[in-house]
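Residue numbers (the working numbering): 341 to 1251.
The structure under discussion appears below in the form of C-alpha cells.
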C-alpha cells in the first residue's frame, strides 16, 4: 500500500511502463479472481478504448509473467493465467500487503468483540503500519481513479477509527491525539472521527479546543451538505458544556464480550450483561425544554423479535485451527450484514452464530429484514462472492417469536431469552444446506416483501426464494376490502390534480398518517381512478445505504420505462430514445442522458462519486418535459424514511420546475414533521393533508365485510363487536389483521393483538425517548386516566417536573391526550389515544417489573383520600395484582369487567 512494488527477498523487481504497472495493480486488487478482459480495458481506458488496446494488454501480461517467474522462488511463484473471459492472478494472500492488512484488521475487530482490547490494539496497529501511502500512489499520479481505491481509502480510515476507539478506551488519549488531528483535517465530515477527537481533547484538558472541533464540523456539514450534525455528536457537545462525568475514562474499559456456552449446555444466547430487574433510579431535568431524561439501569422488555441462526458445516477431520479461522471469517461477514440491516449479533452456540432483529429497537419489518439479510449472507458466503471464505457450507434459519430482552440503551450487546432462540438453533439441524429457511410466523410477517416457495420440504418450515422487486405493504395489499370513509380525502386529491391541470403549475401534496391508516390504499384508489394523467410511483426503501439513489432510480426507471430484466444496453437505449423525443439531439439531451445514467439501475460508479447536482437537475428536466407532454402525477411513498438529500429534491419539485401540470404526492408518517420541522409549511404550491382514523361505523363495516360468513353477526355478540371496534382505534390495517386472526379460529375471548399489529405499535413506542417510554409504560400499568403524581409513584420517579414534561411531549406526539375531567386529586388527567398502544406498552413489561409497579400504585392509592378516588375499583384491582404476583391468599371476588387497566393486565380471579 503506497506505490506499486514487486519485492523478492528484499530486491525490488523492475516493472516497465505505466500500462504494465496498471495491469498488475488492477489484477492485484482482484487477486485470485477472474477479471474479464473487457473489464480490464475499461479500467485502463475509461474514456476511449483504442483499437490496439487488447494487444497492449497482452504485451503487458507477457512482460509481467517474465517478471514474476524470474523474481520468485519456485515454491511460491505467483501465476498470471489466461482464464476465460480474461485473466486471473493466482497468488498467496499473505504475499500481498493489502491482504495482510485486511487479515490483521479482521483479527483486531474480532478481538475487539471478544473484549481483548490489548490484542485488538496490537493487531490494528500492525495493520495500519503496512500503509506506506495511498494505494497504488504511483498510478494515481498518472490519473488512475478506480472506485476500488476510494473504497480502500475508506477502509483504512474506518480501521483507524476502530484503533482510536480501542486506544481511547484504554486511556491512551494523549498518544493518539497526534494522529487524530491531521486525519480530522483531511476528513472533516466524518462524525465518528470528530467525536473521537473531541473526546481526546476533552480528556487532555483542552475543553475549548474540543468545542471548536465540533463547531468546525457543524460548519462543514451545514455549509457543504446542508446537514446538521447527528444526535450523538450534538449530545457530546452538550456533555462537554456540562462537564458530564460520563466523559471521563471509565475505571475499567472493556468491550462486552460474546460468551460461548459449554458444549453440554442447552441452546441459549449468553452475553455478559447484568440480569437485575430494571428500575428507574432518578429523574434529571436538562437545561432545554422537553429534554427530561430518565437515568435507568439495564432495560428488560418482552419483545417480538426475529432470530437468525447461521450454522456453517465443515468437513470432518478438518484441522481445528482452520475450522476456527473459517468461523471467524464467516462471523465478520455475518456481523457486517446484520448490523447494516439494523440487527445485532448476540453470540454463538458452538459454531452457530446468532443474531436478533428487534432489539433494542423494534422495526415493523424486522422479520423481512432478517430474511433479506440472510439471503445476502448466503449469496456472499456460498460461492457467489470471490472474496467469500473458503469452505462456507451453511444452514441459515430464522424464527420469530417473543423473548425477554435485557440491554442498556445505547449499547449493542443485548441478552435475549426465549423458546424462539432454541427453536431457531434446532431448525438448523433439520434443514439442508444452501437455502434460507424460516418458520411459518416469519413467513407470514415477511410475505409482502419476500418470495417463498409454494411447498414446504419440512413441516412448518419454508424456503425463502428472493426479495420482491415491488413489495406490497400496509393495507395496500388488501384491495379486496371495501374503501370506506375516505371519500373526502380522495376528492381532495382529485381536486388538487384538477387545479394543477387548470393552473399549469406544479404542486407538492403531502399525505400524513400513522402506520396502517390507509395512505397506500388511498393513493391506489387515486391512481386507478385517474385516467387523464400519467402516474409514476417510487417508494423510499426501509433501510440500507444510498436511500436517495435507490428511490430516484425507481422513479427514473418508471419514467423511462425500464423494466425488471432489461440489460444495461436496453436501459441506455430506452433512455436515449426518450431524451431524443423530449430534448432533440442537442447538448441538452446529451447532458440529460449523462446525468440520468447513474439512475438507470446500472451505475458505473458508487453514488458518493456521482455529481448529484447534475443528476438532480437532469431528473427535474425529465419530469418537467414529461409533464409538459401530459399531466404527470409523481408519487413518493414513505417519505419519512428519506435522508436530507432526498427531502431537498422532493421539496424542490414544487418550485424548481417550470409552469407545467406536475403534481407531486408524498406519503409519510408524522415523524416527517419531527425530522423536518415545518415541512414547507406555508410555502407556495405546497399542501399537507392528514388522514384521520376511520369512524367506528366504517371499522364495523370493514370487519363485517371480512367476516361475511356469518361470524360477524352470528358468532359475535354486540359486546364482542363493540370491544374490537374500540380496540383498533380507527386503524384499518389493525382491523384487517384482527379479522384475519379471527378467521383462522382465534378465540373471541382471547383477542391479543396480532403479531403485525404488535410490531407496528412497538416500533412506534421505540421511537420515543427512554424517559417518554418509561412514562408510557407506567401509565399503562396505572389505569385508564393517569396524572403526573400517579406516574411518578408507579415508576419511582423523584422529580415530578420531568414527568410533566414527558406527558406534554407525549401529548404532542399523539400518544396521550388530555381529558377535560380532572384526574385523581384534581390534577390534569391524561388518557391513551389508542388502547392498543396502552396494551402493547403494558405487555412489554416483564412480570417482575409489572408486579413492582402495581405494588407502587397500590401503596400510592392507599394514601389518597377516599373523596379523591372515583370509586374503589382501581385501588382494589392493583391490590389484587400485588396479591397475585406474591402468591398471597385472597378472598373470592368477582372479576371486574370494566377494569380501568389494559386487557393485558386483567387478572380474572375465580370464585
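C-beta: ideal position from N, C-alpha, C; glycine also.
Checking the DSSP bridge columns, you'll see residue 1156 partnered with 1172.
In the structure shown, residue 471 falls within a coil segment according to DSSP collapsed to helix, strand and coil.
Counting only runs of 4 or more residues that sit fully inside the segment 697 to 778, the alpha helix (DSSP H) segments are 706 to 721 and 759 to 767, in chain order. In the structure shown, residue 348 adopts extended strand secondary structure according to DSSP, grouped into three states. Membership of residue 544 in any alpha helix (DSSP H) is not indicated, and neither H nor E is assigned to it by DSSP. When C-alpha distances from residue 861 are compared across 1046, 1071 and 1004, the shortest belongs to 1071. Under the three-state reduction of DSSP, residue 821 is assigned to coil, being neither helix nor strand. Counted as a single uninterrupted DSSP element, the alpha helix (DSSP H) harbouring residue 580 occupies residues 571 to 581. In the DSSP annotation of this structure, the continuous segment of the alpha helix (DSSP H) that includes residue 1060 starts and ends at 1058 to 1068.
In this structure, the CA atom of residue 905 is about 22 Å from the CA atom of residue 887. Taken in chain order, the complete beta strand (DSSP E) segments of 3 residues or longer contained in the segment 853 to 921 are 874 to 879.
When the five nearest sequence neighbours on each side are left out, the beta carbons in the same chain lying within less than 6 Å of the beta carbon of residue 972 are those of 874, 966 and 1002, in order along the chain.
Straight through space, the alpha carbons of residue 358 and residue 699 are spaced by roughly 52 Å. Boundaries of the alpha helix (DSSP H) around residue 1080: 1072 to 1083.
For residue 999, the CB contacts under 7 Å within the same chain, skipping 5 residues up- and downstream, are 844 and 845 in chain order. The C-beta distance from residue 964 to residue 997 rounds to 4 Å, short enough to fall under 8 Å. If you compare the alpha carbons of 501, 1078, 435 and 396 with that of residue 448, the shortest gap goes to 501. Per the C-alpha coordinates, the member of 427, 786, 455 and 1076 positioned closest to residue 808 is 786. For residue 1000, there is no enclosing alpha helix (DSSP H), since its DSSP letter is neither H nor E.
A straight line joining the alpha-carbon of residue 894 with that of residue 719 spans about 23 Å.
Ranking 1061, 983, 848 and 1023 by CA distance to the CA of residue 974 puts 848 first.
In the structure shown, the three-state DSSP call for residue 673 is helix.
Fewer than three Cβ pairs drawn from the segment 655 to 673 and the segment 705 to 714 lie within less than 8 Å of each other, which leaves the two stretches out of contact. The C-beta distance from residue 744 to residue 640 rounds to 6 Å, short enough to meet the 8 Å contact threshold. Secondary structure remark: continuous alpha helix (DSSP H) runs of at least 4 residues inside the segment 359 to 396, in chain order: 377 to 384.
Going by C-alpha positions, residue 757 is about 13 Å away from residue 688.
Beyond the five residues adjoining it in sequence on each side, residue 405 comes within less than 7 Å, by CB distance, of 420 in the same chain, given in chain order.
Three or more Cβ pairs closer than 8 Å define a contact, and the segment 539 to 559 meets that threshold against the segment 503 to 515. By the criterion of a C-beta distance shorter than 7 Å, residue 703 is surrounded in its chain by 682, 709 and 1103, once the five residues flanking it on both sides are discounted. Your pair residue 770 and residue 791 does not check out as a contact, with CB atoms roughly 23 Å apart and the cut at 8 Å.
For residue 959, no beta strand (DSSP E) run applies; the uninterrupted alpha helix (DSSP H) run containing it begins and ends at 952 to 969, by DSSP. Boundaries for residue 1113: no beta strand (DSSP E) harbours it, while the alpha helix (DSSP H) harbouring it runs 1110 to 1122, taken from the DSSP string. Membership of residue 640 in the beta strand (DSSP E) is indicated by the continuous run 639 to 652. The shortest CA-to-CA distance from residue 889 to any of 939, 1159 and 820 is the one to 939. With a 10 Å radius around the Cβ and a threshold of 16 neighbouring Cβ atoms, residue 1118 comes out buried. Remark: C-beta atoms of residue 883 and residue 830 do not approach each other more closely than 8 Å.
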